[in-house]
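Enquirer:
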Amino acid sequence: MLLFPAIDLYDGAAVRLIMGDFKKMTVYNRNPVDAALGFKNSGATCLHIVDLFGAKTGVPSCTDIIERIVLETGMFVQTGGGIRDMKAVEALIKSGVSRIIIGTAAVMDRSFLCDCIKSFGSKIAVGADIRDGRIAVKGWSKVSDIPVDTFFEDMEALAVKTVICTDISKDGMMTGTNIELYRRLSDKYSFDIIASGGVSSYENITALFEMGVFGAILGKALYENAISLEKALKAARGESIDN
Numbered sequence: 011m012l013l014f015p016a017i018d019l020y021d022g023a024a025v026r027l028i029m030g031d032f033k034k035m036t037v038y039n040r041n042p043v044d045a046a047l048g049f050k051n052s053g054a055t056c057l058h059i060v061d062l063f064g065a066k067t068g069v070p071s072c073t074d075i076i077e078r079i080v081l082e083t084g085m086f087v088q089t090g091g092g093i094r095d096m097k098a099v100e101a102l103i104k105s106g107v108s109r110i111i112i113g114t115a116a117v118m119d120r121s122f123l124c125d126c127i128k129s130f131g132s133k134i135a136v137g138a139d140i141r142d143g144r145i146a147v148k149g150w151s152k153v154s155d156i157p158v159d160t161f162f163e164d165m166e167a168l169a170v171k172t173v174i175c176t177d178i179s180k181d182g183m184m185t186g187t188n189i190e191l192y193r194r195l196s197d198k199y200s201f202d203i204i205a206s207g208g209v210s211s212y213e214n215i216t217a218l219f220e221m222g223v224f225g226a227i228l229g230k231a232l233y234e235n236a237i238s239l240e241k242a243l244k245a246a247r248g249e250s251i252d253n
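Throughout, my numbering is defined as the position within the sequence shown, counted from one, plus 10.
Dropping the structure here:
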């Protein structure tokens with residue numbers, strides 16, 4: 011199972027929110043490139059980067075920072091936040107990003123999502139942000155009327171390869187991830203699922219690995235030093251973390 015340390019960008023810094031609430035923001039590193047290099051030095055090969063301003067407003071604001079991270083780390087970078095037109099997709103692809111996450115636009119502009127998949131195939135992932143059993147949009151500030159399974163069935167019909175699935179109620183809470191949700195979804199759907207939201211212990215990582223989830227995103231647990239990235243990577247490979 012792949013692990014993706016998360017870097018959420020806002021005003022040029024690496025920050026974390028609690029359940030997507032911009033009023034509950036903590037700044038962890040004023041230099042996101044340094045944060046990325048730190049994750050690389052600890053053994054990570056992949057990064058998950060979110061442009062929070064872009065997610066909220068629909069206007070990407072961090073392409074230059076993301077490009078620097080790609081160039082200086084050489085890591086596999088997946089990124090999302092405000093990507094709602096082909097110009098934004100092409101700019102990120104040109105910057106060296108490995109995978110683009112379409113969130114709000116996957117809900118509100120299905121033809122755009124189809125065009126992205128047609129043009130870039132597996133370089134396109136969908137972000138499914140879940141609140142109370144429905145899909146949230148616009149930086150989690152709005153909740154659609156679309157049930158989770160209806161949305162996931164649509165994504166499978168469109169041959170989406172990867173879905174980043176976030177349980178908003180768990181995000182930033184350090185109380186554990188929604189294991190049962192990811193078990194049900196990974197059993198039911200054929201695309202790769204990356205679990206996000208509340209992954210905060212080695213036990214969480216081991217449980218996700220054992221159920222065959224493709225990947226998991228680590229955020230606050232790393233920044234708060236609740237878990238070691240080196241040991242987390244071991245757990246994601248099914249290895250004992252006691253060694």
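For glycine and all other residues, C-beta sits at the position ideal for the given N, C-alpha and C. Note that the coordinates shown come from a computational prediction; the quantities given were computed from them, not determined experimentally.
1) Which of the three DSSP states is assigned to GLY17 in this structure?
2) Which of helix, strand or coil does DSSP assign to CYS72?
3) Figure out for me which residue from GLU163, LYS180, THR160 and ASP18 has the closest Cα to the Cα of ILE75.
4) Less than 8 Å between the CB atoms is what I'm expecting for CYS126 and VAL99, so what's the real figure, rounded?
5) Is the separation between the beta-carbon of ILE178 and that of MET11 shorter than 8 Å?
6) Pairing CB atoms from the segment 161 to 168 with CB atoms from the segment 179 to 193, are three or more of them under 8 Å?
7) In the DSSP assignment, the alpha helix (DSSP H) including LEU218 goes from what residue to what residue?
8) Would you kindly work out how many angstroms separate the C-alpha atoms of GLY149 and MET165, rounded to a whole number?
9) Grab me the residues of LYS241's own chain with a C-beta within less than 7 Å of its C-beta, minus the 5 sequence neighbours each way, in chain order.
10) Say whether the segment 37 to 54 touches the segment 88 to 98, bearing in mind that this needs 3 or more beta-carbon pairs closer than 8 Å, one atom from each stretch.
11) Which residue wins for smallest C-alpha separation from ASP119, given the options VAL136, ASN214 and GLY182?
12) I'd like the ranges of any alpha helix (DSSP H) spanning at least 4 consecutive residues and lying wholly in the segment 120 to 185.
13) Just to confirm the assignment, what range does the alpha helix (DSSP H) spanning ILE189 have?
14) Is the beta carbon of ILE111 sitting closer than 8 Å to the one on THR89?
15) May I ask which residues mark the beginning and end of the beta strand (DSSP E) holding ILE251?
16) Could you work out which residue in GLY22, LEU27 and GLY68 is closest to ARG78 when comparing CA atoms only?
17) Using CA coordinates, which residue listed in SER200, LEU27, LEU13 and SER151 is at the minimum distance from LYS180?
18) Which partner residues does ILE59 have in the DSSP bridge list?
19) What does the alpha-carbon distance come out to for the pair VAL173 and ASP202?
20) Going by the beta-carbon positions, is the gap between ALA16 and LEU228 smaller than 8 Å?
21) Excluding sequence positions up to five away, which residues of its chain have a Cβ less than 7 Å from the Cβ of VAL80?
22) Should SER154 be listed as close to the ligand ATP, given that the test is whether its C-beta is under 7 Å from any heavy atom?
Expert: In short:
1) With the sequence shown as reference, residue 17 is identified as Ile, and Gly is not the correct amino acid for it. Reduced to three states, the DSSP call for ILE17 is strand.
2) Correct three-state label for CYS72: coil.
3) The shortest C-alpha separation from ILE75 is found at ASP18.
4) Going by Cβ atoms, the distance from CYS126 to VAL99 rounds to 6 Å, so yes, they are a contact pair.
5) For ILE178 and MET11, no; Cβs fall outside 8 Å.
6) The segment 161 to 168, when compared against the segment 179 to 193, does not touch it at the 8 Å Cβ threshold.
7) Judged by DSSP secondary structure, LEU218 falls within the alpha helix (DSSP H) whose first and last residues are 212 to 220.
8) Counting only the Cα atoms, MET165 lies some 20 Å from GLY149.
9) Taken in chain order, the residues that qualify are TYR212 and ILE251.
10) No, the segment 37 to 54 does not touch the segment 88 to 98.
11) Of the listed residues, the one whose Cα sits closest to ASP119 is VAL136.
12) DSSP runs (the alpha helix (DSSP H)) wholly in the segment 120 to 185: 120 to 130 and 158 to 167.
13) That run of the alpha helix (DSSP H) goes 189 to 198.
14) For the pair ILE111 and THR89, the CB atoms are nearer than the 8 Å cut-off.
15) Unbroken run through ILE251: none, as it is neither H nor E.
16) Checking every option, the nearest Cα to that of ARG78 belongs to GLY22.
17) LYS180 has its Cα closest to that of LEU27, out of SER200, LEU27, LEU13 and SER151.
18) Partner(s): ILE17 and THR89.
19) The alpha-carbon atoms of VAL173 and ASP202 are separated by roughly 6 Å.
20) Taking 8 Å as the Cβ cut-off, ALA16 and LEU228 qualify as a contacting pair.
21) Here VAL80 has VAL87, SER105, GLY106 and VAL107 as same chain residues with Cβ atoms under 7 Å from its own Cβ, once five neighbours each way along the sequence are excluded.
22) No copy of the ligand ATP occurs in the structure displayed, which carries no ligand at all.
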